[in-house]
Structure formats: C-alpha cells, structure tokens
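Just so you know, the sequence shown maps onto residues 1 to 289 in my numbering. Here a beta-carbon is modelled for each residue, glycine too, at the ideal position from N, C-alpha and C. In what follows, a structure is listed as structure tokens, so that the remarks can point back to it.
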Amino acid sequence: MIRALIKAMRPKQWVKNVFIFAGLVFDHQLSNLPAILNTVSAFILFSLLASSVYLINDLSDVEADRAHPKKKDRPIASGALSVSAAWVASIVIILLVFPLAYLLSPSFALVCVLYFLLNLGYSNWLKHIVLLDVLILASFYVIRVVAGVTVIEVERFSPWLYQSTIFLALFLGIGKRRAELVLAENTGNNHRKVLDGYTLPFLDQLITIVLTITIISYSLYTFSAPNLPDNFVMMLTIPFVIYGIFRYLYLVQVKGHGEAPDEIVLSDKPFILNFLIWGVVLLVIIYSF
C-alpha cells in the first residue's frame with residue numbers, strides 16, 4: 001500500500017515545482033544560504049501539497065480513469081490503493097503542509113491556499129470550460145514562481161519572467177490538450193468533455209500564438225531586465241530556449257507526445273541536454289559577468 005501511495009502522489013511530477021527556484025536563481029541569490037534553505041523548504045512543502053491535490057483529483061476522477069487506456073493503471077483506479085487510504089493520506093498531508101507553510105512565510109501559506117482552492121475549482125468545474133481550462137493550467141505554473149518569490153527577499157525580479165512563464169505554461173497546457181484530443185480521435189474514447197470544444201487546427205493556431213509571445217517575452221527579458229549584464233550577453237541563451245520550445249513542439253505534433261509534460265521533460269535526452277546547457281550558460285552569465 002505504501003508503494004501504491006507513493007506512486008499515487010506522483011513524485012515524478014514534482015519536477016514542475018522547479019519553477020519555485022526561479023526567484024532564487026534570477027534574483028542572484030544562489031549564494032544566500034538562508035534564501036536557499038527557505039526555497040528548498042518551500043519546494044518540499046509545495047510538492048507535498050501538489051501530491052495531496054493529485055490524490056483528490058484521482059479520487060474525483062476514479063470512474064473516468066478506469067475507462068482510460070493509460071490512467072486505468074493508476075493506484076486508485078486499479079484498486080492498488082483504497083479510496084479510504086487515499087482520503088486519509090491527502091487530509092494528513094494538508095494538515096501538515098499548511099501550518100508549516102505559515103511558519104515559513106504567511107505569504108507563502110496564502111499562495112498555497114490559493115493553489116489548493118484553485119485546483120479544487122479546476123477539478124470540479126473549471127476543467128470543463130473551453131479555454132478557461134488551459135488558462136487555469138497555466139496559472140498553476142505562475143503560482144509556483146510566486147510561491148518561490150514569497151519565501152525570499154526579492155530585489156529585482158523582472159516582470160518579463162512572469163510573462164514568459166505564463167505563455168510557456170499556456171504552451172504546455174495547450175500541448176497537453178492537443179495530445180489528449182489526438183488520443184481521443186485515435187481510440188474513439190473521449191475522456192474529457194472539454195475536448196468537444198477543441199479541434200486540432202484551433203489548438204495548433206493557439207500554439208503558434210503562445211510560442212511567438214513566449215520567445216518574444218524571453219528575448220525582451222535578456223536585454224531589458226535590470227539585474228543582467230549591460231553587454232547583453234544574456235541574449236546568448238535565446239537559441240537554447242528556441243531549441244527547447246521547438247523540440248517540445250516536435251514531440252507533441254510529430255511524435256504524438258504531450259499528454260504528460262513531466263514525462264517528456266524527464267525522458268527526452270535532447271531536451272534534457274539542451275536544458276542543462278541552457279542552465280549552465282545562464283548561471284555563468286548571471287553570476288560571472
């Protein structure tokens with residue numbers, strides 16, 4: 001049961017919470033030990049909170065998951081984890097996370113409450129509303145960035161990073177819907193009612209729009225943020241961002257992946273290598289120039 005519970009908590013999806021470290025990295029605070037400890041604590045607490053949300057979502061979608069070709073193997077849907085055990089685990093996590101989040105930072109606790117409530121609203125109502133569903137999905141990534149900012153004393157965190165995060169998250173959300181729609185068309189089973197409001201041409205147009213804005217927003221950040229080198233050397237990271245976006249788009253539209261963004265991030269070697277190189281170049285530029 002413990003193994004099934006851990007699987008149901010989806011630790012692989014904790015990779016999404018790396019957005020919490022954005023404030024720490026981009027605000028030049030990697031040498032600030034208290035800020036590092038606060039951010040790591042926020043990452044752990046937020047990951048546990050996200051796991052409680054995953055458990056609640058699986059509990060509410062258990063019948064639909066049992067009819068899904070992949071989700072039927074999830075611990076709750078397959079019966080490996082009982083409904084009662086999942087409820088107890090989610091409640092215990094919530095009762096543990098919120099007090100500790102408040103001790104870390106009242107603002108961080110408020111962000112955690114917002115994330116939790118928004119997730120509940122999404123799971124029960126908002127995910128069935130066309131366009132609003134992907135906007136809410138995108139907001140979860142932005143909330144992660146805000147969560148990281150609330151636990152440190154940020155001096156000059158560029159608003160262009162918020163905008164880049166918003167549109168990058170929209171790209172991931174729309175790509176997820178596209179992959180789900182392709183799967184529904186191939187199998188003849190539509191497991192999401194909201195997919196009836198989408199078509200592949202429409203989703204592809206949305207992807208084109210948000211990708212264009214994402215690249216422009218990040219490019220503007222590289223030469224307009226106040227805490228970057230004056231020689232615009234940060235613009236050298238733009239090609240890595242473009243390649244990462246193009247690679248993800250290739251995996252979504254050509255290879256048919258995208259239903260689970262975290263799996264792509266953790267399994268595609270070219271994407272991982274490009275991300276690591278981008279990270280190294282980014283850190284060298286921010287902290288050496």
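Applying the criterion that 16 or more other CB atoms from any shown protein chain within 10 Å of the CB defines a buried residue, is residue 185 buried or exposed? Exposed, by the Cβ-count rule.
Uninterrupted beta strand (DSSP E) stretches inside the segment 144 to 174 (no shorter than 3 residues): Entirely contained in the segment 144 to 174, not one beta strand (DSSP E) run reaches 3 residues.
Supposed close pair residue 145, residue 23 - CB separation, criterion 8 Å: About 7 Å; that satisfies the 8 Å criterion.
Proximity below 8 Å, CB of residue 245 to CB of residue 219: Contact flag unset, no.
Taking all protein chains shown into account, decide if residue 121 is buried (16 or more other Cβ within 10 angstroms of its Cβ) or exposed. Counting the other Cβ atoms within 10 Å of the Cβ of residue 121 gives fewer than 16, which makes it exposed.
With burial defined as no fewer than 16 other Cβ atoms inside 10 Å of the residue's Cβ, what is the status of residue 73: buried or exposed? Answer is exposed; the Cβ neighbour count stays below 16.
Pull up the distance between the alpha-carbon of residue 83 and that of residue 129, whole angstroms please. Going by the C-alpha atoms only, they are around 27 Å apart.
In terms of residues, what are the limits of the alpha helix (DSSP H) holding residue 125? Boundaries cannot be given for residue 125, as no alpha helix (DSSP H) includes it and DSSP labels it neither H nor E.
Using CA coordinates, which residue listed in 177, 157, 175, 149 is at the minimum distance from residue 35? Among 177, 157, 175, 149, the Cα nearest to that of residue 35 belongs to 149.
With 16 other CB atoms within 10 Å as the buried threshold, where does residue 230 fall? Of the residues assessed, residue 230 falls on the exposed side of the cut-off, its CB having fewer than 16 other CB atoms within 10 angstroms.
Do the segment 103 to 118 and the segment 25 to 34 meet, that is, are 3 or more Cβ pairs less than 8 Å apart? The segment 103 to 118 makes no contact with the segment 25 to 34; the number of CB pairs closer than 8 Å stays below 3.
Residue range of the alpha helix (DSSP H) that includes residue 20: Going by DSSP, residue 20 is part of no alpha helix (DSSP H) at all; its letter is neither H nor E.
Alpha carbon to alpha carbon, how far is residue 98 from residue 38? Give it in angstroms, no decimals. Here the alpha carbons of residue 98 and residue 38 stand approximately 15 Å from one another.
With H, G and I counted as helix, E and B as strand and the rest as coil, what does DSSP make of residue 77? Residue 77: helix per DSSP, three-state reduction.
Helix, strand or coil, according to DSSP, for residue 232 in the structure here? In the displayed model, residue 232 falls within coil according to three-state DSSP, outside both helix and strand.
Is residue 57 helix, strand or coil by DSSP? Look at residue 57 here: in three-state DSSP terms it is helix.
Suppose contacts are defined by Cβ-Cβ distances below 8 Å. Is residue 76 in contact with residue 8 by that definition? It is a contact, given that the beta carbons lie within the stated cut-off.
Which first and last residues belong to the alpha helix (DSSP H) in which residue 85 is found? DSSP places residue 85 inside the alpha helix (DSSP H), whose first and last residues are 83 to 104.
Among residues of its own chain, excluding the 5 on either side of residue 93, which ones have a beta-carbon nearer than 6 Å to its beta-carbon? Cβ within range, chain order: 48, 52.
In three-state DSSP terms, what is residue 255? Residue 255 falls in the coil class under three-state DSSP.
Please list, in chain order, all residues of the same chain as residue 19 whose beta carbon is under 6 Å from its beta carbon, the five residues on each side excluded. Only 141, 144, 145 meet the Cβ criterion.
Rounding to the nearest angstrom, what Cα-Cα distance links residue 4 and residue 233 in this structure? A direct Cα-Cα distance of roughly 48 Å separates residue 4 from residue 233.
Taking the beta carbon of residue 287 as the centre, do at least 16 other beta carbons fall within 10 Å, making it buried, or is it exposed? Residue 287 is classed as exposed because its beta carbon has fewer than 16 other beta carbons within 10 Å across all chains shown.
Would you say residue 47 reaches chain B, if we count a Cβ-Cβ gap shorter than 8 Å as a contact? The chain inventory of the structure shown lacks chain B, comprising one protein chain alone.
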